[in-house]
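> Numbering-wise (the numbering used here), the sequence shown opens with residue 175 and increments by one.
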Amino acid sequence: MRVIDEAGVMLGVMPTSEATSLAQERGFDLVEVNPQADPPVCKFVDYGKLLYEQEKQMRKAKSKQKKTELKGLRLTARIGEGDLNIRVAQAQKWLDEGHKVQLQLQLRGREKAHPEQAQKVIDAVLNKLDRPWVFEAKTNQQGGRFNAIISMKKTT
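(1) Given a cut-off of 8 Å, decide if ILE324 and LYS245 are closer than it, judged by their beta-carbon atoms.
(2) Would you report the Cα separation of GLY201 and GLN228, rounded to the nearest angstrom?
(3) Closest by CA to GLN210, which one among MET175, THR190, LEU224 and PHE218?
(4) What are the residues that DSSP puts in a beta bridge with GLN316?
(5) Who pairs with ASN208 in a beta bridge, going by DSSP?
(6) Does GLU199 come out as helix, strand or coil in the three-state DSSP assignment?
(7) Using the Cα positions of GLU192 and GLY222, report the straight-line distance between them to the nearest angstrom.
(8) For GLU285, which residues from the same chain have a beta carbon less than 6 Å from its beta carbon, with the 5 sequence-adjacent residues on both sides left out?
(9) Let me know if LEU224 comes out buried or exposed under the rule of 16 or more other beta-carbons within 10 Å of its beta-carbon.
(10) Using DSSP's beta-bridge definition, name the partner residues of GLY186.
(11) Quick one: what does DSSP say LYS274 is sitting in, helix, strand or coil?
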């Protein structure tokens, strides 16, 4: 195998046993860097430090990831205009933050006889949104409950 020391200096091609003993003499571990090469390339490294650095980089990358949540917006079939405007403003705020918004409308009692009223309320919310949005899940009805999930439209 081709061996590189801790300073990055090429030591040449040597048998595995010799490379391992040389690494132990210097207080390092022998780590295979490129197994596909001919001959394979190995390097002297402090393996514990290498694992720590990799974990540190993964944590840093994870902290920079954008986190999206599913935010719920509850509506009623007899919602007033003022309340509707407040719900729309909240949905726009969440969409601007990059979250998905789930519109939930539960029909109660005699309201279940008029599912078209629920659809009107959901359509009113969607029409009042002045941000470009797209359905993640179209409006569906499960018993007396209507659900729709929307998110910001991706601009490319």
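C-beta: ideal position from N, C-alpha, C; glycine also. The structure displayed is predicted, hence computed values, not measured ones.
Looking at the coordinates:
(1) no
(2) 20 Å
(3) MET175
(4) ARG319
(5) VAL215
(6) helix
(7) 22 Å
(8) ALA251
(9) exposed
(10) VAL177
(11) Strand at LYS274.
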